[in-house]
Each structure stands twice: as structure tokens, then as C-alpha cells.
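Residues in the sequence shown are numbered from 1 upward in steps of one, following the UniProt record's numbering. Where is the CB? At the ideal position from N, CA and C, for every residue including glycine. All figures in this text were calculated on a predicted structure; none of them were measured in a lab.
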Amino acid sequence: MLDGGILTGHRAPAAPAPAYTVGRADAADRAAYDGLRRAEFVEVQRLFAGHDRDEADDDPRTVVLVARDVRGQVIGGVRVHPAPHPAVRAAGSRDLGWWRGSRLVVAPGARGARAPVAAALVRAACATAEDVGALRFDAAVQARHAALFTRLGWASRGAPTTRHGVAHVEMDWPVARVQRLVDATKAPLAGLLGRLAEHPLGGGGAGWVGDDAAPVPGAPLVAACDAILPSMVERDPEWAGWCAVLVNLNDLAAMGATPVGLLDAVGARDASFARRVLRGLLDAAAAWGVPVLGGHTQLGVPAALSVTALGATSRPVPGGGGRPGHALRLTADLGGAWRPGYTGTQWDSTTSRSPAELRATGEVVARLAPAAAKDVSMAGTVGTTGMLAEASGCRAVLDVAAVPAPDGVPAGDWLTCFPGFAVVTADTPGAPTTPLPDTVTSRVCGDLVEGAGVGLRWPDGVVTEAVGPAVTGLGAA
């Protein structure tokens with residue numbers, strides 16, 4: 001298409017201004033929204049006597065969204081809030097990730113064909129729920145309005161029930177946060193790594209698919225290798241150096257191995273920048289008491305960093321050793337805080353720990369001696385659980401309320417972040433465990449069953465799908 005103004009010199013007509021906007025409510029907006037609710041649900045529909053207020057109105061986490069017309073008048077609104085379930089209340093300041101939409105109302109004069117204002121409010125509520133970290137978002141919808149939600153991508157659950165004398169349908173918005181993360185970080189692996197299997201020992205050999213480290217042929221050793229994102233090396237070189245050691249030692253720990261040594265490969269624009277990367281790397285190596293045996297340094301190139309780690313074990317723990325009926329356990333260091341500049345994505349539980357604490361934490365899997373183990377990587381806790389389940393030829397179901405998590409951290413962030421130190425393990429229910437370090441919290445929080453993918457089991461018994469049948473596509477070990 002061509003802009004007529006360019007060809008003729010005439011100014012193109014301005015696009016019409018929207019008839020309404022949707023945004024978060026201020027105090028005056030909330031008062032107007034409350035008035036719309038009272039008029040509709042108390043006076044017109046007579047669903048409530050006197051008022052329609054409930055605990056969500058008093059919860060400081062509740063977000064109210066309103067639609068305003070061109071004059072700034074509130075013509076509709078909706079609430080987004082933690083689900084009103086006893087388990088959610090009992091969690092206190094801990095967010096379980098289960099949020100709900102409610103009290104959707106539009107002024108009579110703004111309802112129009114195909115309910116555009118209501119649709120805009122519902123879409124905004126979905127975006128807000130994901131923004132606050134929800135992994136489940138649902139609503140009890142009056143049956144006569146269910147078609148609108150269906151058109152917007154919601155799915156009904158169960159048969160209609162009667163509430164306040166009116167038929168309602170439970171409906172779910174498909175939160176795809178975990179699946180998007182898995183698709184971005186792990187889904188391409190099968191297509192990239194398929195040729196490794198051309199050699200009998202490629203990819204670790206038989207029984208070792210997608211593991212955190214690979215057995216070294218002919219030696220009681222495992223080897224791990226990780227690269228750090230170049231953008232992270234450029235942005236925070238000391239932290240990148242620290243993390244290069246951390247992620248590799250986590251890989252060894254997940255195999256039940258004791259670190260033997262590290263090799264590094266550093267690329268940097270000049271010696272000064274390389275020194276900053278190496279400072280973080282050597283500080284971490286000293287903290288864990290692991291020698292840097294050697295490596296390679298290249299100057300005059302874009303930032304790059306990778307580390308290889310060697311660990312000793314005669315009985316490495318596979319990632320694919322789980323079986324249907326095994327219990328899933330998450331063991332994590334909940335201490336620390338978000339790394340500055342990485343809120344919601346990187347939890348720093350290690351820089352405040354002593355060398356003795358770091359080394360003891362690295363012995364967790366060796367002490368548990370589980371059938372299967374994976375350290376939580378950039379796919380997050382749920383995605384990593386999916387990798388363990390996939391390699392084990394199983395489906396995983398996680399009990400969201402039982403997953404160890406820090407207080408005050410949104411569940412959507414915690415279950416999708418890099419958590420510093422956390423391992424997912426699978427073993428027979430009731431398997432004996434030795435005492436673990438005080439630095440970690442360890443809890444059974446799910447199980448492996450027949451099937452594929454990862455489901456999240458909520459306190460009301462509902463299971464929502466978090467990850468599809470394949471994470472890496474590499475299949476079972």
C-alpha cells in the first residue's frame with residue numbers, strides 16, 4: 001500500500017481514536033468500578049444482598065483493571081487476584097501461582113455487538129495474570145457469557161453449576177509460560193544433536209540421554225561443559241565467570257560426582273575485560289575448592305566463555321533412571337535473593353554461602369543416591385522435571401503447593417528461573433535418605449506416571465498442562 005500523502009501532498013486522515021482504553025485502576029476508578037458492580041450484581045441481577053464485596057477486595061495483591069471512555073469515565077472493569085482457596089490462604093505471603101478473574105462488568109451503554117469492552121478487559125486480565133507470575137488463571141463464568149470466553153481462547157472445565165441462583169461454568173485460560181521457555185531453550189536439541197548417536201559412545205552412550213554430564217569412557221569420571229550467554233558475559237563479566245563454575249559444578253553434583261578440576265575457554269575484547277571474567281571464575285573456583293587445570297584465552301574477539309568440569313564417581317546417577325510410580329523430590333537452596341539486574345530469571349543462592357556450605361550442598365545427590373537426578377537449568381524447575389521425565393519415558397506431575405520456594409517470590413518466576421542450586425530427583429516412594437545440609441530444603445512434591453509431558457496438580461485436584469509430550473525430543477534413555 002502507498003501513503004497518498006507522499007504522492008499527492010495531501011495529509012492522510014488520522015486514524016480514529018479508540019472509543020475506550022484499558023488500564024490499572026486508581027482509587028477513583030475503583031470507586032466507580034465498585035458502583036458498576038453494585039448496580040449490576042446487586043440491583044439488576046440480584047445475585048447478592050446489599051453488596052458483592054468479598055476477601056479479594058481486601059487482598060493487597062488484587063489488581064483491578066478498568067475500561068475508560070474518551071471522557072475518562074469508567075465503563076467497565078474486572079479483578080485479577082489469588083484464588084480464594086484454603087490452600088492459597090494458608091500459603092500466606094507465598095504465591096502458589098493460582099490466580100483468578102472475577103466481577104467482570106460493563107456499563108449497559110457500552111456493551112455493543114460482540115462485547116468489545118468485555119473482550120478487551122478479559123484480554124487485559126490474561127496479560128496481567130501472566131505478568132504477576134500466574135501459572136494457572138481461571139474464572140467462574142456465567143453460562144450465558146461462556147461463548148465470549150471460548151472465542152477468546154478459554155476452555156471450559158466440567159459441567160455447569162449453579163451459583164447465587166445462576167448457572168456458571170468453570171473456565172481456564174491456557175497459561176503457556178513454561179512451554180514457551182522450553183520451546184526457546186530445549187526443543188531444538190534433538191535436531192541439533194541427533195548425529196551424536198552415530199558413535200556408540202556419542203552423547204554418553206546407551207542409557208545416557210540428555211544427562212547433565214557424560215561418563216568418560218574407561219575412567220571413573222564424568223565430564224560436563226557449559227557456555228555462558230555472550231550478552232551476560234558483556235553485561236556482568238564477574239558474575240558470568242562465577243556462573244560458569246556454578247553451572248558446571250551443579251552438573252557434576254546432579255550426577256553424584258565429586259569435582260576434580262575445571263578447564264576454561266575465554267574470549268574477550270582486551271586483557272582488562274578478560275581479567276574481569278577470570279576474576280569471577282577464579283573466585284568461584286576458590287570458593288568451591290576446585291582447581292582450574294588450564295584452558296584457552298583469546299583476545300581481540302567478542303565476549304565468550306565456556307567451562308568444562310571433570311568429576312569423580314564410580315556410580316553416576318542418570319537423568320533417565322526414573323520409572324512410573326517413583327516419587328519426585330526437589331532439593332533447593334532457598335537462601336539469597338534475585339541477582340541485581342536479573343529479577344525473575346536468576347536467583348543467587350551461592351555468593352553469600354561459605355566454602356564449606358557450597359561443598360556440602362554439592363553432595364546432596366550423592367547422599368540421596370536416587371534412581372534419577374537433574375539439576376535445574378535454564379528450563380526452570382518445571383522444564384527440567386520434564387527433561388527427567390522424558391529421559392525416563394514417563395510423565396511427571398508436580399504438586400505446586402509442595403514445591404519448596406522462597407516466600408514472596410511469584411510462583412511463575414520461581415518455577416521458570418535459574419535457581420542457583422536446585423536438583424530434581426526421582427526414587428521409589430519412601431526411599432531412605434541421609435541427613436542433608438542445613439542450606440537446602442528438600443521435599444517430595446510429585447510423581448512419575450505413565451504418559452508424557454508435565455502436569456501441575458493444584459490444591460483443588462485440578463491438573464493443568466505445563467509442558468507437552470517432548471522437551472528436548474531426544475526420547476527415553
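Assuming the contact rule is C-beta atoms closer than 8 Å, residue i and residue j should be a hit. Round their C-beta distance to whole Å, please.
i      : j      : result
Ala224 : Ala309 : 5 Å
Ala391 : Ala476 : 6 Å
Leu36  : Val74  : 7 Å
Ala405 : Ala411 : 7 Å
Pro84  : Ala56  : 6 Å
His145 : Leu47  : That pair is no contact at about 14 Å.
According to DSSP, simplified to helix, strand and coil, what is residue i?
i      : result
Pro160 : strand
Leu278 : helix
Ala466 : strand
Leu415 : coil
Ser314 : coil
Met171 : strand
Gln179 : helix
Arg353 : coil
Phe137 : strand
Thr150 : helix
Arg89  : helix
Thr345 : coil
Val122 : helix
Gly132 : Sequence check: residue 132 is Val here, not Gly. Coil at Val132, not helix or strand.
Ala113 : coil
Leu2   : Note on Leu2: pLDDT 38, under 50, position unreliable in the model; no value is reported.
With a threshold of 6 Å on Cβ separation, who are the neighbours of residue i within its own chain once the five nearest residues in sequence on each side are excluded?
i      : result
Ala214 : Gly204 and Ala223
Val266 : Ala274, Val277, Thr297 and Leu305
Trp173 : Cys126, Phe137 and Trp154
Met171 : Ala139, Val141, Phe149, Trp154 and Ser156
Asp29  : Val66 and Val74
Ala327 : Pro429, Val444 and Asp447
Val233 : Ala240, Ala303 and Leu305
Gly295 : Leu263, Asp264 and Ala265
Using a threshold of 9 Å, state whether the C-beta atoms of residue i and residue j are closer than that.
i           : j      : result
Thr350      : Leu358 : yes
Thr416      : Leu398 : no
Arg79       : Arg103 : yes
Val105      : Tyr33  : yes
Trp338      : Thr381 : no
Pro302      : Arg269 : yes
Ala25       : Val64  : yes
Val454      : Val178 : yes
Arg151      : Ala119 : yes
Gly473      : Gly191 : yes
Gly101      : Ala147 : no
residue 499 : Gly336 : The structure shown does not extend to residue 499, since the chain is modelled only from 1 through 477, so no value can be given for it.
Leu135      : Leu388 : no
Val182      : Gly383 : yes
Asp251      : Pro316 : no
Ala184      : Ala332 : no
Using 9 Å as the limit for Cβ to Cβ distance, is residue i near chain D?
i      : result
Lys374 : In the structure shown, chain D does not exist; there is a single protein chain.
From the DSSP output, read off the bridge partner residues of residue i.
i      : result
Ala65  : The residue asked about is misnamed: residue 65 is Leu in this sequence, not Ala. Per DSSP, Arg24 and Val78.
Met378 : For Met378, which the question treats as bridged, DSSP gives no partner whatsoever.
Gly455 : Val397 and Glu465
His296 : Ala265
Asp427 : Ala327
Ser306 : Ala227 and Ala265
Arg367 : DSSP output for Arg367 lists no bridge partner at all.
Ser102 : Arg79
Ala187 : Answer by DSSP bridge pairing: none, since Ala187 is not bridged.
For residue i, I'd like the list of residues in its chain whose CB is within less than 7 Å of its CB, leaving aside the five on either flank, ordered along the chain.
i      : result
Ala271 : Leu299
Thr434 : Arg367
Gly9   : With a pLDDT of only 48 at Gly9, under 50, the local geometry of the prediction cannot be trusted, and the value read off the model is given with reservation. Nothing listed; no residue qualifies.
Met1   : With a pLDDT of 37 at Met1, under the threshold of 50, the predicted position of this residue should be treated as unreliable, and no value is reported.
Note down, in chain order, each residue of its chain lying with its Cβ closer than 8 Å to the Cβ of residue i, except the 5 sequence neighbours on either side.
i      : result
Arg329 : Leu368, Pro370, Val424, Thr425, Ala426, Asp427, Ser442, Arg443, Val444 and Cys445
Trp288 : Val245, Leu249, Pro259, Pro355, Leu358, Arg359 and Gly362
Glu450 : Pro324, Cys394 and Arg395
Leu207 : Residue identity differs from the one stated: residue 207 is Gly in this sequence, not Leu. Result list for Gly207: Pro318, Gly320 and Ala477, in chain order.
Gly50  : Val42
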